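Chains as they are written, first to last, in our numbering: chain A, 562 to 805; chain B, 562 to 805; chain C, 5 to 304; chain D, 5 to 304.
Backbone N, C-alpha and C define an ideal beta-carbon position, used for all residues, glycine too.
If you're wondering where the values come from, they're calculated on a predicted model, not measured in any experiment.
Note sheet for the following structure.
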Amino acid sequence: MKGYRRTTVKSNVEIATNIYEMKISYPYAFLGCPGQFYMLKGWKAMDPFLARPISIADVEENTLSFLYEVRGKGTYLMSKLREGDSLELLGPLGKGFDTNVKGNIAIVAGGIGIAPMIYLLKSLNSRVDFYCGFRDQAYYIDKIKEYAKDIFISTESGSLGHKGFITDIFKAEKYNVVFTCGPLPMMKKVWDLCKGKKVYMSMENRMACGFGACLGCSIQTKDGMKRVCKEGPVFSGEEVFFCD
Amino acid sequence: MKGYRRTTVKSNVEIATNIYEMKISYPYAFLGCPGQFYMLKGWKAMDPFLARPISIADVEENTLSFLYEVRGKGTYLMSKLREGDSLELLGPLGKGFDTNVKGNIAIVAGGIGIAPMIYLLKSLNSRVDFYCGFRDQAYYIDKIKEYAKDIFISTESGSLGHKGFITDIFKAEKYNVVFTCGPLPMMKKVWDLCKGKKVYMSMENRMACGFGACLGCSIQTKDGMKRVCKEGPVFSGEEVFFCD
Amino acid sequence: MIKTRVNICGVEFKNPVIAASGTFGFGREYSDFFPLSKLGGISTKGLTLEKREGNKGIRIYETTGGLLNSIGLQNPGIDGFIREELPYLEKQDTVIIANVGGSTIEEYVKAVERLNETSIHMIELNISCPNVKEGGMAFGIKAETAYEVVSQVKKVCKKPLIVKLSPNAENIVHMAESCVKAGADGLSLVNTFSGMAIDIRLRKPVFDNIIAGLSGPCIKPIALRMVYEVSKAVNVPIIGIGGIMNYEDALEFIMAGAWAVQVGSGNFINPYISLEIIEGIESFMLEEGIEGLDQIRGVV
Amino acid sequence: MIKTRVNICGVEFKNPVIAASGTFGFGREYSDFFPLSKLGGISTKGLTLEKREGNKGIRIYETTGGLLNSIGLQNPGIDGFIREELPYLEKQDTVIIANVGGSTIEEYVKAVERLNETSIHMIELNISCPNVKEGGMAFGIKAETAYEVVSQVKKVCKKPLIVKLSPNAENIVHMAESCVKAGADGLSLVNTFSGMAIDIRLRKPVFDNIIAGLSGPCIKPIALRMVYEVSKAVNVPIIGIGGIMNYEDALEFIMAGAWAVQVGSGNFINPYISLEIIEGIESFMLEEGIEGLDQIRGVV
Ligand SMILES: Cc1cc2nc3c(=O)[nH]c(=O)nc-3n(C[C@H](O)[C@H](O)[C@H](O)COP(=O)(O)OP(=O)(O)OC[C@H]3O[C@@H](n4cnc5c(N)ncnc54)[C@H](O)[C@@H]3O)c2cc1C
Ligand SMILES: Cc1cc2nc3c(=O)[nH]c(=O)nc-3n(C[C@H](O)[C@H](O)[C@H](O)COP(=O)(O)OP(=O)(O)OC[C@H]3O[C@@H](n4cnc5c(N)ncnc54)[C@H](O)[C@@H]3O)c2cc1C
Ligand SMILES: Cc1cc2nc3c(=O)[nH]c(=O)nc-3n(C[C@H](O)[C@H](O)[C@H](O)COP(=O)(O)O)c2cc1C
Ligand SMILES: Cc1cc2nc3c(=O)[nH]c(=O)nc-3n(C[C@H](O)[C@H](O)[C@H](O)COP(=O)(O)O)c2cc1C
Ligand code: FES
Ligand code: FES
C-alpha cells in the first residue's frame, strides 16, 4: 500500500444541514469494497493531529465520494475545503461488507450511517430493500431510489416518511440478510429483531492509525479484542453482541 | 483596537522565487502608517501556534498588500492561500517610520526588507532615492520606479545592477535622512556609513503577541529593553547601535 | 440566575477567569481591546525586588501546540511597579494579584513586605525561579525547599498568599501538601515545563540559558492531571493553569477541582480569549442548568 | 561515505531510527508499506508474561499536537509473541527489541528469562507500568523502586538491557543514574507523560482509568530536555524518544546526546515517517559534511 496520497477536491457540497458530500479526484487504480474507509486529512499542519476515518460513499471513474457529517474540529475543517484544495488520504482500509450473499436482503441505515450504504447497494447483485432513518432532513434519497427495490424512510421529526425510528417499520421477518450502519442502539435493535439471520454491521471507534498498529480502536468481541480498523469495521452481529 | 479580524484573500502571487505578493480585502477604516505591521494567521487550527508579523507593503482602497518571503512553516502555509481563502489578522501594530522629515532622503532595502518601503516611499512627500539589494532576482522594481527619484539596484549574483552589496554603491554623503530595512549586518553597515545623520531602521525579532504583552521581542537599546512590536519596529540608529 | 463569581481566600472574583502572569503585562496592552473590569482578575508580570532586564538572546520559540519562552523575569521591580503600574491597575475594578519571584528567600520576603502596604489583593508566589543560593535549582522542585520559602514568606505576608507550583516539581502532590503546610492560603498550577530546543544548523541550543519554559495547549493534558491530583489532596482553593484556550478547557479544569483558572499563552494569539471563555462558561452553565460554579467544581 | 550505523551495547543498528514500542505492533501492519529491513530496529508492543486484553472504554483521545492513549498493554503474552510474532520478525533483517512490561518484579524477571532463549537482540524494560504490589504507583517514579526491578532483572538477563524511563519520574537524572547503577546497559527515554482529559458534558474523565499517556510532538521540548540532562549525567548509550516527527527533530535528540531515536505517534499519521527521517538525516549529513553520527552526538 502507498502511504498518504495527496489528491484534489473536486467539489464539497452541503447537501443537508451539516451533511456534506465531497468528491475528490482519485487518479489511481481503485481497489476498495463497500464498507471500507479512508483516513482523511484535509489540513496541512499538525492540528488536528490525527486523520479522520471516513467511509467510501461512492466510486466513479477517477473520483471518490465521501458523505460526512460535521461533528467536531476535523470534519469542520473538511467542510471548509473548496474545489482545488488538496487533501491527503490513506486507504482503502479495513474489511468491508460481504457482498457475496443470497436471499432477501435489507439495508438499515441511521443518519450518517447511510454513508457506506450507497456503494454497498450498488455493489449487491440482487435487488435490496433500503430502510433509512433520519433525525429531520433526509438526503441521498434519489440516489437510493435508483438502485433499491424499495425504500422506507423515517424521520424523528416526522418531516418525511414514518415519524419515529426506522426500526419501528423495519420488517425483519422478510429478510435473510441484513446490513446495518448507524448509532449503536439502532444496530442493537436491528440485531435483536434479526436473531438467527445474517446481520453485518459497520462499527465506529476513535482511531489513531486506521491500519491496525495502535490498538486504539479495539473492541471486545466474541473472539476477543478486535480492531475496528483492521478486522472491521464490518462485523457480524454475533461477534459484537455476544454478551446477550 | 479590534482583535483578530477575518478577511479574504484577493490574490496571492509568487512574484519571484519564494517571494509572494498577497492582497487581501480590508473593508475597514485603515489607520496604518508605513513601517507598521500586522500579525497574520493564514491557517484555521493551532499549528502553527503563533501568528506571523508581516509589514504593510501597500494600501489601496479596501485592499492591503503584503510582500513576503517563504522562510518556514508559517510563510509556507501563507503561500498556499488562494483567492477566496480566509485569513485572520491583527493590526496595524507598532510604531512606523517618521514621514515628517526634510532634506535629501534615501531608502536602503535589502532583500525582503523592501516590503515596508514601497508604502513608505509613496507616503514621503519629497522625492527619494531608492537603493535596493537582492541576492539574485529583483522584484517590485517597476513599482519603485513610479515613485522614486532615482533607483539603484544591486544583486549578489550580478544578474541585475551592481554585482555585490547595495551598501557598496550607497552614497551616504548625499543624504540627510536614511530609512533602512534588511538583514542586520546591512543595516549596521548603513549606520556606519551614516554616522551623524538621521537613520531609521526597521528591526525584526521573533514575536509571540505582536502587541507588547509577552516581552518576547525585546531588544537591548540605548535606553534599556524595548519591544520591537511596540516601541518599534522602527528605531533610530543610535538606539540600536549604541554600543559602538 | 447564573453565578460565575467565586471567593478565593476571602477575595471576591466576579468570574473565574484570570490573566496569567507574564502573558498580560500589567494590563495596559489589553485595555486597548476591552475594559479590564471584565476579567475575574489579573496576575501581574512576575515582580522581583529589583528591576530586571531579563534574558539575552532568543526569548520566544514556537513549538507544536505551544511555545518555549525565556523572558527571564524582565520587570520594573517592586518599586517601579508600585510607582508606575499599580495606580493604573487600581482603577480597573478587577482583582490584582501580584506575582512575585526571587532568587533568595530574603528577596521574596522583602518583596512581599513592600507589597503588604499596597492595594494589591493577593500575592502569587512564583517558586519556579532558580534559587541562586542552591546553584540554580528552582525552589519549586523539592517540597522541603518550597516549604522553607513559603513559610518564611507567610510569616510576613499580610495578603492572601497563593503559591504557584511548578510542574517540574518532583512530586506535585507532595509539593502542594508541603506548601499548604507552610501556610499557603491557596495554590495555582502549573507554571511552565522545563523544555529545550536545538538549532541543528548552528549545533547549539536555541536559548542562551539552554532550558526554557513550555506553555500552551500542548501542556494541557498534563496540567489538568496535576490539578486533578492536587485538588484531591489538599483543602485550599486551587487555580488551574496550563494551555487553556477555550471555555471547554476552562471547564475541564473546574471539574477537575479548580476554583478559578488562569489563561496564559492563549492571550497572545487572541487578546479577547478570556472574554470568550467567560461567555462560554456562562452559556454552558445556562444550557446545563448550572447555577453556581460550586455545582461542578471537582465533580470528576 | 556517510555512516548512519551505530552500535548500541554491542548490537549493530544500520541507522539510528527505531520504531517505538506500542506504535508499531510487531511490524506486520507496516510491512504493507515498506520492507522493515529499512529500519534501524523495531521495539515490539509491550509484552507481559501473560496475554492481556488491555483497557476498556475509550483508548485514544486527540489533544493539541498529540494524543492520550490508554491501550493498557494489550498483547499476546511472551509465549504468544514467541510463537506467533517472533518467527515473522526474525526474517526482517532489523534489530528486534523486546519491550517488556509487568506489574510485579517476578513478572518482569520471568518474562526476561523466557526471552533470554530467543533470537531477540535486546530487551527494553518498560518500568512505567503500574506496580500492583505498591498500589498502582509505577516502578518508574522513584529511583529506589526502579533500582530494585532493574537489578533483579539484570541478574537473569542475558541480552543487552535497555531501561525505558518514564518522564513522570520524580527526578529524571537520579532515575537514570539509579538504573545504570542497577545494571542497565543503556537507557531509552521518554515514555508517555501522565495526562488527563474530561468530557465536560458527561462530567466524567474521558478514560476509564482516569489517567492516560500523552505522546506526540506536544511533548518534544520536554523530552529533548530530559535526554539532554540524562546524557550529561550517565555514560551508557541513550535512545531519545518523544514527539519526533521529522529529521530535524531526530537530529536535535542526537545533538542532545542520543545514540539513536525512536519514533512513536508519528507512525500513525504517516506510516513512512521513519524512512523519511532516515533519508533526512542522510541528506543533512551529506550537506554538512558529517561522516558519522559520533561527530554530532551530544555536541550541544
Ligand atoms: C470506519 C469508520 C468510518 C466512518 N465513516 C464515516 C462517514 O462516512 N461519514 C461520517 O460522517 N463519519 C464517519 N465516521 C465517523 C467520523 O470518523 C467521525 O465523526 C469523525 O472522526 C469526527 O471527527 P471530528 O474531528 O469532526 O470530531 P471530534 O472533534 O474528534 O469529535 C467530535 C465528536 O465525535 C465523537 N467522535 C469522534 N471520533 C469518533 C469516532 N471515530 N467514532 C465515534 N465517535 C467519534 C466524539 O465523541 C465527539 O463527541 C466513520 C468512523 C469510522 C470509525
Ligand atoms: C515587524 C516585522 C515585520 C516583518 N515584515 C515582514 C514582511 O513584510 N515580509 C516578510 O517576508 N517577512 C517579514 N518579517 C519576517 C517574518 O515575520 C518571518 O520571516 C516569519 O515570521 C517567519 O515565519 P515562518 O513560520 O515562515 O518561519 P519559521 O519556521 O518560524 O522560521 C524560519 C526561519 O525564520 C527565522 N525567523 C522566524 N521568525 C523570525 C523573526 N520574527 N525575525 C527574524 N527571523 C525569524 C528563524 O530563525 C528561522 O530560521 C517581519 C518581521 C517583523 C518582526
Ligand atoms: C512569555 C511568558 C512569560 C511568563 N512569565 C511568567 C512570570 O513572570 N511569572 C509566572 O509565575 N509565570 C509566568 N509565565 C507562566 C504563565 O503564567 C503560565 O503559568 C504558563 O504559561 C502556563 O499557562 P498557559 O499554557 O496558559 O500559557 C509566563 C509564561 C509565558 C508564556
Ligand atoms: C498507542 C501507544 C501505545 C504505546 N504502548 C507502549 C508500550 O506498550 N510500551 C512502551 O514502552 N511504550 C509504549 N508507548 C510509548 C511510546 O513507545 C513512546 O515512548 C511515546 O509514545 C513517546 O514517543 P512519541 O511522542 O514519538 O509517540 C505507547 C505509545 C502510544 C502512543
Ligand atoms: S486505529 Fe490504530 S489499530 Fe485501529
Ligand atoms: S511580540 Fe510580544 S511584546 Fe513584542
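A distance criterion of 8 angstroms places the beta-carbon of residue 595 (chain A) beyond contact range of ligand 1, judged by its closest non-hydrogen atom. Going by DSSP, residue 119 (chain C) is part of the alpha helix (DSSP H) stretching over 109-120. For residue 257 (chain C), the enclosing alpha helix (DSSP H) begins and ends at 251-259. Residue state for residue 753 (chain B) is assigned as helix, using DSSP reduced to three classes.
Taking 9 angstroms as the threshold, the shortest C-beta distance from residue 23 (chain D) to chain C does not fall below it. Within the same chain, and ignoring the five residues on either side of residue 646 (chain A) in sequence, the residues whose Cβ sits closer than 6 angstroms to its Cβ are 570.
DSSP places residue 701 (chain A) outside any alpha helix (DSSP H), giving it a letter other than H or E. With respect to the C-alpha of residue 191 (chain C), the residue from C:233, C:52, C:247, C:199 having the closest C-alpha is C:233. In this structure, residue 118 (chain D) has its CB at a distance of at least 8 angstroms from all heavy atoms of ligand 1. Here residue 736 (chain B) carries a coil assignment [DSSP, helix/strand/coil]. Distances between the C-beta of residue 78 (chain D) and the heavy atoms of ligand 3 are all 8 angstroms or more. Neighbours of residue 201 (chain D) in chain C, taken as residues whose beta carbon is under 8 angstroms from its own, are 225, 228, 256 in chain order.
Of all alpha-carbon atoms in B:615, B:723, B:566, the one lying nearest the alpha-carbon of residue 632 (chain B) is that of B:615.
Contact annotation: the segment 794-804 of chain B does not touch the segment 78-98 of chain C, with fewer than three C-beta pairs closer than 8 angstroms.
Shortest Cα-Cα distance from residue 277 (chain C) to any of C:298, C:248, C:296 involves C:248. For residue 237 (chain C), the three-state secondary structure derived from DSSP is helix. Taking the Cα positions, residue 265 (chain C) is about 10 angstroms away from residue 194 (chain C). Distance from residue 44 (chain C) to residue 25 (chain C) at the Cβ level is roughly 14 angstroms; contact not present, criterion being Cβ atoms closer than 8 angstroms. Among the residues facing chain C, residue 767 (chain B) is included, as its CB has a counterpart in that chain under 9 angstroms away. For residue 57 (chain C), same chain residues with a beta-carbon under 7 angstroms away, outside a window of 5 residues either side, are 78 in chain order. A direct Cα-Cα distance of roughly 15 angstroms separates residue 76 (chain D) from residue 787 (chain A). For residue 608 (chain B), the neighbours in chain D by C-beta distance under 9 angstroms run, in chain order, 68, 69, 221.
Under the three-state reduction of DSSP output, residue 178 (chain C) falls in the helix class. Residue burial annotation: residue 111 (chain D) is buried, with at least 16 other C-beta atoms found within 10 angstroms of its C-beta. Measuring C-alpha to C-alpha distances from residue 67 (chain D) to each of C:250, C:221, C:284 identifies C:221 as the nearest.
Contacts with chain D (Cβ-Cβ distance below 8 angstroms) from the segment 170-196 of chain C involve 174, 175, listed in chain order. Annotation for residue 181 (chain D): 237, 238 place their beta carbon closer than 7 angstroms to its own, counting only its chain and skipping 5 residues before and after. Under the 9 angstroms criterion on CB atoms, residue 36 (chain D) is classed as interfacial with respect to chain A.
When C-beta atoms of the segment 568-587 of chain B are compared with those of the segment 651-658 of chain B, fewer than three pairs fall below 8 angstroms, so the two segments do not count as touching. Under the DSSP definition of a beta bridge, residue 45 (chain C) partners with C:22, C:99. Relative to residue 20 (chain C), the option among C:6, C:35, C:27 whose CA is nearest is C:6.
Within 8 angstroms of the C-beta of residue 563 (chain B) there is not a single heavy atom belonging to ligand 3. Distance from the CA atom of residue 177 (chain C) to the CA atom of residue 246 (chain C), rounded to whole angstroms, is 17 angstroms. Within its own chain, the residues whose Cβ lies closer than 6 angstroms to the Cβ of residue 744 (chain A), once the five positions on either side in sequence are excluded, are 671, listed in chain order. Contact annotation: the segment 78-89 of chain C does not touch the segment 602-618 of chain B, with fewer than three C-beta pairs closer than 8 angstroms. With respect to residue 158 (chain D), residue 115 (chain D) sits apart: the two C-beta atoms are not nearer than 9 angstroms.
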